[in-house]
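**Q**
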Amino acid sequence: VALKDAGRKSEAVEKLQEAVNLGQQRGLATATDETKGSQRSSSTNVGHALVQLASLKEEGLDVSAALPEEYVMSVFDTYSDAFEANLVGDLGYVGHLLVVESVRSIKPRGGFGVVLD
70 VALKDAGRKS EAVEKLQEAV NLGQQRGLAT ATDETKGSQR SSSTNVGHAL
120 VQLASLKEEG LDVSAALPEE YVMSVFDTYS DAFEANLVGD LGYVGHLLVV
170 ESVRSIKPRG GFGVVLD
C-alpha cells in the first residue's frame with residue numbers, strides 16, 4: 070500500500086502478487102497485524118492483498134470468487150456496525166421509507182408482518 074501511495078504502481082502490483090502467492094502457499098498460518106496489535110490468519114492477509122491488487126490492475130481482476138471466506142467475514146463483521154449509518158446518513162438511502170409509505174397506502178392499519186426492502 071505504501072508503494073501504491075508513493076506512485077510506484079508497478080512495484081506495488083509485483084509485491085502484492087508476491088504476498089498473495091506466499092499467503093496461499095502458507096495456508097492458514099497466523100500472522101501479526103502490526104497496525105492493530107492483533108492476530109489474524111494469512112487468509113485475511115491474502116484477501117486484503119487480493120483486493121489491493123484488483124484496485125491496481127488496469128484490466129481489472131475479479132477477486133470475488135478468490136477471496137477467502139475468513140477475509141469476507143472479517144470485512145463484514147468490521148463494517149456491520151457502521152453500515153446503516155453510512156447507507157442512510159452518508160448515502161441518503163430512503164428505500165425503506167418508500168416501502169413503508171407504499172405498504173401504508175395499501176393497508177393503512179398494517180397486517181403485512183415483516184417486509185424487506
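Here the sequence shown is numbered in our numbering, starting from 70 and rising by one per residue. Ideal Cβ positions, reconstructed from N, Cα and C, are used throughout, including at glycine.
1) Applying the 10 Å Cβ sphere with the 16-neighbour rule, what's the burial state of TYR140?
2) When the Cα atoms are used, what is the spatial distance from LEU119 to GLN86?
3) Does DSSP put ARG178 in a helix, in a strand, or in coil?
4) According to DSSP, is GLN108 part of a helix, a strand, or is it coil?
5) Using the Cα positions of PHE145 and GLY158, report the straight-line distance between them to the nearest angstrom.
6) Indicate the three-state DSSP secondary structure (helix, strand or coil) for LYS126 in the structure shown.
7) Using the C-alpha atoms, what's the distance from SER171 back to GLN121?
**A** Straight from the coordinates:
1) buried
2) 8 angstroms
3) coil
4) Annotation note: pLDDT 45 at GLN108 (below 50); position unreliable, coordinate value reported separately. Note: GLN108 maps to strand in three-state DSSP.
5) 19 angstroms
6) coil
7) 41 angstroms
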